[in-house]
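Working notes, structure below.
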Amino acid sequence: MPHPLLEVSGLGVEFRTRRGVARVLEDVSFALPRAGTLGLVGESGCGKSITALAAMRLIPQPPGRITAGRVLLEGRDLLALPEAQMRAIRGDRMSMIFQEPMTSLNPAYTVGDQIAEAVIEHQHAGRREALSRATEMLDAVGIPAAARRVHDYPHQFSGGMRQRVMIAMALACKPDVLIADEPTTALDVTVQAQIFDLISELRERTGTAVILITHDMGAIAEMADRVAVMYAGRVVEEGAAVDVLERPLHPYTQGLIACAPGRRQHAPGQPLVEIPGTVPSLLERRGGCAFADRCAQVQPRCRDRLPAETVFGEGERRVLCWLHAADQRVAA
Amino acid sequence: MSEARDPGPLLEVQELQVHFPVGGGLLGRARHHVKAVDGVSFTVPRGSTFGIVGESGSGKTTTALAVMRLVQHTGGRILLGGTDIGAASGEALRRERRRFQMVFQDPFASLNPRKRAGDAVREALALMTDASAAEREQRVQQLFAAVGLRPEQAQLFPHQFSGGQRQRIVLARALAAHPELVVCDEPVSALDVAIQAQILNLMQRLQRELQLTYLFISHDLSVVRHLCDRVAVMYLGVIVEMADRDTLFRQPLHPYTVALWSAAPSFDPRQRGRGRRIRLAGDPPSPIDLPRGCRFAGRCPAAEPACHEAEPPLAEVSPGHWVRCRRIAVVDGRAQPILQA
Numbered sequence: 000m001p002h003p004l005l006e007v008s009g010l011g012v013e014f015r016t017r018r019g020v021a022r023v024l025e026d027v028s029f030a031l032p033r034a035g036t037l038g039l040v041g042e043s044g045c046g047k048s049i050t051a052l053a054a055m056r057l058i059p060q061p062p063g064r065i066t067a068g069r070v071l072l073e074g075r076d077l078l079a080l081p082e083a084q085m086r087a088i089r090g091d092r093m094s095m096i097f098q099e100p101m102t103s104l105n106p107a108y109t110v111g112d113q114i115a116e117a118v119i120e121h122q123h124a125g126r127r128e129a130l131s132r133a134t135e136m137l138d139a140v141g142i143p144a145a146a147r148r149v150h151d152y153p154h155q156f157s158g159g160m161r162q163r164v165m166i167a168m169a170l171a172c173k174p175d176v177l178i179a180d181e182p183t184t185a186l187d188v189t190v191q192a193q194i195f196d197l198i199s200e201l202r203e204r205t206g207t208a209v210i211l212i213t214h215d216m217g218a219i220a221e222m223a224d225r226v227a228v229m230y231a232g233r234v235v236e237e238g239a240a241v242d243v244l245e246r247p248l249h250p251y252t253q254g255l256i257a258c259a260p261g262r263r264q265h266a267p268g269q270p271l272v273e274i275p276g277t278v279p280s281l282l283e284r285r286g287g288c289a290f291a292d293r294c295a296q297v298q299p300r301c302r303d304r305l306p307a308e309t310v311f312g313e314g315e316r317r318v319l320c321w322l323h324a325a326d327q328r329v330a331a
Numbered sequence: 000m001s002e003a004r005d006p007g008p009l010l011e012v013q014e015l016q017v018h019f020p021v022g023g024g025l026l027g028r029a030r031h032h033v034k035a036v037d038g039v040s041f042t043v044p045r046g047s048t049f050g051i052v053g054e055s056g057s058g059k060t061t062t063a064l065a066v067m068r069l070v071q072h073t074g075g076r077i078l079l080g081g082t083d084i085g086a087a088s089g090e091a092l093r094r095e096r097r098r099f100q101m102v103f104q105d106p107f108a109s110l111n112p113r114k115r116a117g118d119a120v121r122e123a124l125a126l127m128t129d130a131s132a133a134e135r136e137q138r139v140q141q142l143f144a145a146v147g148l149r150p151e152q153a154q155l156f157p158h159q160f161s162g163g164q165r166q167r168i169v170l171a172r173a174l175a176a177h178p179e180l181v182v183c184d185e186p187v188s189a190l191d192v193a194i195q196a197q198i199l200n201l202m203q204r205l206q207r208e209l210q211l212t213y214l215f216i217s218h219d220l221s222v223v224r225h226l227c228d229r230v231a232v233m234y235l236g237v238i239v240e241m242a243d244r245d246t247l248f249r250q251p252l253h254p255y256t257v258a259l260w261s262a263a264p265s266f267d268p269r270q271r272g273r274g275r276r277i278r279l280a281g282d283p284p285s286p287i288d289l290p291r292g293c294r295f296a297g298r299c300p301a302a303e304p305a306c307h308e309a310e311p312p313l314a315e316v317s318p319g320h321w322v323r324c325r326r327i328a329v330v331d332g333r334a335q336p337i338l339q340a
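The listed protein sequences correspond, in order, to chains V and Z. The numbering of the first sequence is numbering that gives the first Met the number 0, which starts it at 0 and goes up by one. The numbering of the second sequence is numbering that gives the first Met the number 0, which starts it at 0 and goes up by one.
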């Protein structure tokens, strides 16, 4: 079988803190095909962003440490590469856009220089050539009068335009993988729609695969082919976006979908479904399922140990919950 | 509404105007004005929730701050239960303040990190009520219970709470002096979806139990649709459309409202790519150099040359449904949308 474009398997990350070791990722696995879009969803603190940073090898070490797993880009393990080779991959074959476009841009350089930097670094282009590439990219992301605006500074752009600049920068070297970490959270709805259209369009045109990190199920419905739901550092459910949104299996996924006021099944004004409590601290060592304390369908064994992951079909759908465990009847 | 009688308006905002001078330097005269709020009128019945939606720069937050008397309005009237709070000042304004309170977006910035949670609420009681120390203590306990916190949590500092819990503290503080109106500026926007649902449910329960009136500011259409009885859509300092919730979400008329609604994600992956989205080009123009005609005309897919000539009035096209667009025709008593998503 050919390798998927990006394959993350068994990824584990921990952080040392004054109050102990926090296991922020445990056994995280997913695959991303070329031109695919994977949504990573979950509440704050579930490990979505850390997963992305670990895949890019951007976890600050110390205090962080990748303890287990592999990140395979076309079969090559990025975690085993020397830093110099990883640097050549970042910004060239894999790039990332962040939530807050203002803090991700250097206010002292023109946007053109910032986009050109990656092109000069990775494709050994001359400055003139790199700047013309930057202009091309600004044009591709829909910035009017790109040839003039390439010489402008970040503060001369609006929030939505800055996020376009970030996308232009991330895509300047035609990466294979684009990781977008809450790319539209700080933006207005109409601008969010523009950015989603833009990412989809670029993905179709260039074949770039996208990992979209979000807490918004609406964004998943809009953008993702597949979705991995994370809770307390683990992937608790993974599958095709349509399947997961229409028939969520894990009680956490069910809660995340049901508590959103925007879905069609919800009658305005009626009380929303709540997931009680909050995400547990990762410092607390726990046996069993981390969601047990908030779960309406909890059973005694949930607090003792986790079931093995249940895989449906040939990996089309995965879920980590006793309710769907293969040895359900044996254990019950 | 089971009562037959009309509860009457609690809040009436009439032709509210907030213009900020810009330029001109220290002694020079201001050369321009930012017309952040430029003639906004609405009425909020007692016990109901009035929503204002709009994007950055629409003037929704400035409207809320002006109602709270936290920015000075440059024109118009603000009536709370018949009292002109817009004209009150000094001690008179301070006495009225207990009747209207505010909840801000960022629960991290709106609590003093050096004050215990209970003290934040106690201080509000001391400032705005005549309660004795013992009464205050009892009221803090009551308020903590009402917002779903344990009484002993009053001893903790803000950093020991999660975002959702902090917003509960902020609500307890806002409710301390039995306000009639609570102005909420994006109160759940900084929270995760699961926590958002908890706070929205809490706000609805408190409204029922305490007969609160909410003025609710948000950019999140699904939250507004969930919570509000009546909704106004703002664009560049003016209301472009206003109606009761069901009418506005089922039959939006103003092209901006239609575009805004169509931009919201659908939650249904099977609806994706159906071409139902109306794309708006560009950004809103600067509120300093407002166009002569309709403020939305430059981005409007339905604009005609005449739209750029004069600003249309906010007109009532059917009972309670107001639209500021000259392209909306009323045929046989029914308003005809010009754009459809």
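We put the beta carbon where it would ideally sit given N, CA and C, even for glycine.
What's the call for residue i, buried or exposed, on a 16-neighbour Cβ count within 10 Å?
i: Z/P336; result: buried
i: V/V228; result: buried
i: Z/I287; result: exposed
i: Z/S131; result: exposed
i: V/L319; result: buried
i: Z/T82; result: exposed
i: Z/Q195; result: buried
i: Z/S57; result: buried
i: V/G125; result: exposed
i: V/E245; result: exposed
i: V/A331; result: With a pLDDT of 38 at V/A331, under the threshold of 50, the modelled position of that residue is not reliable, and the figure given next carries that caveat. V/A331 is exposed by the Cβ-count criterion.
i: Z/A171; result: buried
i: V/R17; result: exposed
i: Z/M0; result: Its pLDDT being 42, under 50, Z/M0 is placed unreliably by the model, and the measurement read from it follows with that caveat. So Z/M0 counts as exposed.
i: Z/V181; result: buried
i: V/G217; result: buried
i: V/P306; result: buried
i: Z/S88; result: exposed
i: Z/G117; result: buried
i: V/S94; result: buried
What residues match up with residue i in a beta bridge as DSSP calls it?
i: Z/K34; result: Z/H18
i: Z/H320; result: Z/S317
i: Z/C183; result: Z/V102, Z/F215
i: Z/Q13; result: Z/R76
i: V/A227; result: V/L39, V/E237
i: V/A67; result: V/G11
What does residue i touch in chain V if you count any residue whose Cβ is under 8 Å from its own?
i: Z/H158; result: Under the 8 Å cutoff, chain V gives no residues; its nearest Cβ is about 14 Å from Z/H158.
i: Z/N200; result: P270, L271, E273
i: Z/I194; result: E42, T277
Do you know whose CA, among the options, lies nearest residue i's CA?
i: V/E313; options: V/G238, V/M222, V/L282; result: V/G238
i: Z/P320; options: Z/E151, Z/V66, Z/A133, Z/A231; result: Per the sequence presented here, residue 320 of chain Z reads as His, with Pro not at that position. Answer by Cα proximity: Z/A231.
i: V/P100; options: V/E82, V/S94, V/T36, V/P182; result: V/P182
i: Z/P312; options: Z/A302, Z/C227, Z/R325; result: Z/R325
i: V/E6; options: V/M55, V/G286, V/R15; result: V/M55
i: V/Q60; options: V/E13, V/T309, V/G35; result: V/E13
i: V/L376; options: V/F97, V/A79, V/A21, V/E73; result: Residue 376 of chain V lies beyond the range of chain V shown here (0 to 331); nothing can be said about it.
i: V/Y230; options: V/H249, V/A220, V/A223; result: V/H249
Please list, in chain order, the chain V residues whose beta carbon lies closer than 9 Å to that of residue i.
i: Z/R210; result: Sequence inspection shows Gln at residue 210 of chain Z; the Arg mentioned does not correspond to that position. Those do not exist, as Z/Q210 stays about 17 Å from chain V at its closest Cβ, beyond 9 Å.
If the cut is a Cβ gap below 7 Å, which residues of chain V does residue i touch?
i: Z/S109; result: None at all; the shortest Cβ gap to chain V is about 19 Å.
i: Z/Q197; result: E273
i: Z/H218; result: D187, V188
Can you pull the chain Z residues whose beta carbon is under 7 Å from the beta carbon of residue i, in chain order?
i: V/P267; result: R224, H225, R244
i: V/R262; result: F266
i: V/G254; result: A193
Please compile the residues from chain Z whose C-beta is within a distance smaller than 9 Å of the C-beta of residue i.
i: V/V318; result: Here the premise fails: no neighbours, minimum Cβ distance about 19 Å.
i: V/V23; result: What V/V23 touches in chain Z: nothing, since even the nearest Cβ is about 17 Å away.
i: V/A259; result: V192, Q195, A196, S221, F266
Below 8 Å on C-beta distance, what does residue i contact in chain Z?
i: V/S157; result: D282
**Report entry** Where the segment 49-72 of chain Z meets chain V: residues whose CB sits under 8 Å from a CB there
**Finding:** E54, S55
Report task. With 7 Å as the limit, tell me which residues of the segment 218-235 of chain V have their beta carbon closer than that to any beta carbon of chain Z; keep them in chain order. Result -> Taking 7 Å as the Cβ-Cβ cut-off against chain Z, the residues of the segment 218-235 of chain V that qualify are A218, A220, E221.
**Report entry** Contact set between the segment 253-268 of chain Z and chain V, restricted to residues whose Cβ is under 7 Å from the partner
**Finding:** The segment 253-268 of chain Z vs chain V, Cβ under 7 Å: A258, L259, A262, A263, P264, S265, F266, D267, P268.
Report task. Anything in the segment 116-143 of chain Z with a Cβ closer than 9 Å to a Cβ of chain C? List those residues in chain order, please. Result -> Of the protein chains in the structure, V and Z, none is chain C.
Report task. Determine which residues of the segment 158-186 of chain Z have a Cβ less than 9 Å from any Cβ of chain V, and write them out in chain order. Result -> When CB distances to chain V are screened at a threshold of 9 Å, the residues of the segment 158-186 of chain Z falling below it are S161, G162, G163, Q164, in chain order.
**Report entry** Members of the segment 290-310 of chain V that neighbour chain Z once the beta carbon cut-off is set at 9 Å
**Finding:** R293
Query - Residues, ordered as in the chain, of the segment 183-206 of chain V that lie near chain Z by beta-carbon distance below 9 Å - result: L186, D187, V188, T189, V190, Q191, A192, Q193, F195, D196, S199
Report task. Name, going along the chain, the residues of the segment 276-300 of chain Z whose beta-carbon falls closer than 8 Å to a beta-carbon of chain V. Result -> R276, R278, L279, G281, D282
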